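Chains as they are written, first to last, in this note's numbering: chain V, 1 to 405; chain Z, 406 to 703.
Here a beta-carbon is modelled for each residue, glycine too, at the ideal position from N, C-alpha and C.
Treat the numbers as computed from the prediction; the structure is a model and nothing was measured.
The structure under discussion appears below in the form of structure tokens.
Rendered as structure tokens:
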């Protein structure tokens, strides 16, 4: 069984939570006591006994009261083929940072569009984030088709706009599907109302499309996460982010430029000759090697970059606006370094207030300078060493998340 | 990688990150299946060294004896350090008496004992086996979940969790709750127990047990902590436990499953959720778990 991470985005009221509720319900993932809870907790004045699918993911009292999703909810279901992790992210403009959280690790993005409204600013914002984060499979779900009598012409008109938008944002071959999440048309079951549509249901698409990105084989990235001391030996524990490691392989310790030979690899409590991307291992070198947490190991070919200045795109996540004079801690995986924002170029997504500083939910192209040289990659080459957060150390808050361009 | 390899790798990553970023982490350990899986994952995360943190059990005094025996045997076998703090001690100190109800719950007092123990040992990160699929408030919680000085969770102001970068900075008095099994479901845990051949307390497998049947159909183990009235019907049933919490609030489920494979097959057929089938404490209110978490509950 494979693991597939997906997330839903879209405007408030486009029916994201309803869609997830529909996927869970129609694929048989919801237990009867939980369905009972959904009918029980329905707000006052609503029809007795009607299931509100959105309540499957809107788990907090304030969310039920407001009828909107505030934070990312994670839901799970499995089929014979896949285990799915669904992140239901909020649609409200004020919660763009939560959406960024939900989207950062996903394989598939489902962006909902209300067929009665069409593409909105929020659709563009979400599509841009998906494009920036490099989510490799994008589905535009044109929802509420029942309100337009399942008319093909209405669907086609929005589809043309979406193809144009995707081209602008370099989203490759998006999948565009008509559906009604509320009525359950073309989500899991094929719809008789949509007989003109020859494509798959959302569920078929998820089940039958290849979801995992292939990486360049020659790229190797391993970051030391933790040092395991035992019997006078040091195991450098970490996850292989890209590529493969072999016993006997010559690798580069990027920060020092030293070439070292891997003497042992421990995976699953035993020595293994070869370990692949995704595995948490510990590796052993000769006794003269001294690495620290954060050190990056790569192949001798295609090493990452070293420097103290780079361009990045960041999403501002704090209520306190950015400050060019302020020193933040920049963290890439286990690397921490003091850093400043030195230039803020144009904003890709603007907050409603006009300001040169970055405000909550702004997304902008910036230049960052770090106090010392650090090891990094372009995000499109290697996500783990190409993505970072900025921390305000007085408040201990994460103020921004960024990708290196 | 298979999905279980992926889930295992994610949990090990989280455990190592906790050991690296925090000064005094602790692994909360109850003798239940999720925390037994956590111990198994810790062995892999830090092999061949010992765990870089102690284990701690907040013992309500209402635990199943089988779970406690299993807990002590496992800790002894691994030669790891276990701290036990008793909820009863907190209750005596604060002059609190058990609720005068049929199934007296110590849920509310358990959080206090946990917070006292955190203060006593100055733990800055508590690792637990809670999963997002258990409950709708848990589904909203981050893997690294910040608690303020009073142990409170603020669901509306959680730290962004982007990629795998963990912001472990804490202000004075704050601590982190860490949930490496966040993305596991009940079935994933059982599939992992099966694959890794992990031993569990006998409670999890079908056995004969004396129970009383509550009006809403729960089978509650007959024990000295619940009050049994003459009208209660006492039955001996073939049951097992899906979760192992307190004897006062955890119900048994009818089952003939005596192997892990049989349990997995049974779970695939069941239509009732894990907590729904077994936890009478969640049914008090629709936001029961959310409220308890806001008070410092795990």
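Between residue 429 of chain Z and the set Z:607, Z:458, Z:603 and Z:451, the nearest pair of CA atoms involves Z:458. For residue 378 of chain V, the nearest beta carbon of chain Z is not closer than 9 Å to its own beta carbon. With respect to the 9 Å criterion, residue 375 of chain V and residue 254 of chain V are classified as neighbours on the basis of their beta carbons. Only those residues of the region 607–636 of chain Z whose C-beta falls short of 9 Å from the nearest C-beta of chain V would be listed, and there are none.
In this structure, the straight-line span from the alpha carbon of residue 444 of chain Z to that of residue 608 of chain Z is close to 19 Å.
Under a criterion of Cβ atoms nearer than 7 Å, no residue of chain Z is adjacent to residue 286 of chain V; the nearest Cβ is some 18 Å distant.
Residue environment analysis places residue 548 of chain Z among the buried positions, since at least 16 neighbouring C-beta atoms fall within 10 angstroms of its C-beta. In the DSSP assignment, residue 276 of chain V falls within the beta strand (DSSP E) that extends over 274–276.
At a cut-off of 9 Å between C-beta atoms, residue 243 of chain V does not count as an interface residue with respect to chain Z. With respect to chain V, the C-beta atom of residue 604 of chain Z has no partner C-beta closer than 9 Å.
For the region 582–605 of chain Z, the set of positions with a beta-carbon nearer than 8 Å to some beta-carbon of chain V reads 587, 588, 590, 592 and 593 in chain order. A check of alpha carbon separations from residue 20 of chain V across V:389, V:202 and V:386 identifies V:202 as the nearest. Contact between residue 377 of chain V and residue 276 of chain V is ruled out by a C-beta separation of about 19 Å, above the 8 Å threshold. In this structure, residue 178 of chain V and residue 162 of chain V do not form a Cβ contact; the two beta carbons are roughly 12 Å apart against a cut-off of 8 Å. Straight through space, the alpha carbons of residue 143 of chain V and residue 117 of chain V are spaced by roughly 10 Å. Within 7 Å of the CB of residue 104 of chain V, the CB atoms of chain Z belong to 567 and 568, in sequence order along the chain.
Contact of residue 438 of chain Z with chain V is not assigned, every C-beta pair being separated by 9 Å or more. Taking each of Z:572, Z:588, Z:651 and Z:434 in turn and checking the Cα distance to residue 411 of chain Z, the smallest one comes out for Z:588. Remark: three or more beta-carbon pairs, one from each stretch, lie closer than 8 Å, so the region 522–541 of chain Z and the region 578–593 of chain Z are flagged as touching. Contact between the region 544–559 of chain Z and the region 458–469 of chain Z is not established, with fewer than three Cβ pairs separated by less than 8 Å. Sequence-distant Cβ neighbours of residue 538 of chain Z in its own chain, meaning closer than 6 Å and more than five residues away, are 590.
The region 71–91 of chain V and the region 100–107 of chain V touch, with no fewer than 3 CB-CB distances between them shorter than 8 Å. Bridge pairing for residue 82 of chain V: V:2 [DSSP]. Partner residues in the beta bridge of residue 338 of chain V, as assigned by DSSP, are V:329. The alpha-carbon separation between residue 451 of chain Z and residue 219 of chain V amounts to approximately 27 Å. Apart from the 5 residues on each side of it in sequence, residue 502 of chain Z sits with its Cβ closer than 8 Å to the Cβ of 496 in its chain, given in chain order. Residue contact with chain Z for residue 309 of chain V: absent (no Cβ-Cβ distance below 9 Å to any residue of chain Z). With a contact defined as Cβ atoms closer than 8 Å, residue 683 of chain Z and residue 655 of chain Z qualify at about 5 Å.
Here residue 637 of chain Z is actually not in contact with residue 468 of chain Z; their C-beta atoms are around 22 Å apart, not less than 8 Å. Straight through space, the alpha carbons of residue 568 of chain Z and residue 176 of chain V are spaced by roughly 27 Å. When secondary structure is reduced to three states using DSSP, residue 149 of chain V falls in the coil class, being assigned neither helix nor strand. Identification of residues in the region 227–243 of chain V having a C-beta nearer than 7 Å to some C-beta of chain Z yields 228, 229, 230, 237 and 239, given in sequence order. Here residue 512 of chain Z is buried, its C-beta having at least 16 other C-beta atoms within 10 Å. The beta carbon of residue 71 of chain V sits closer than 9 Å to some beta carbon of chain Z. Among the residues facing chain V, residue 412 of chain Z is included, as its CB has a counterpart in that chain under 9 Å away. Rounded to whole angstroms, the Cβ separation of residue 121 of chain V and residue 146 of chain V is 25 Å, and the two are not in contact under 8 Å.
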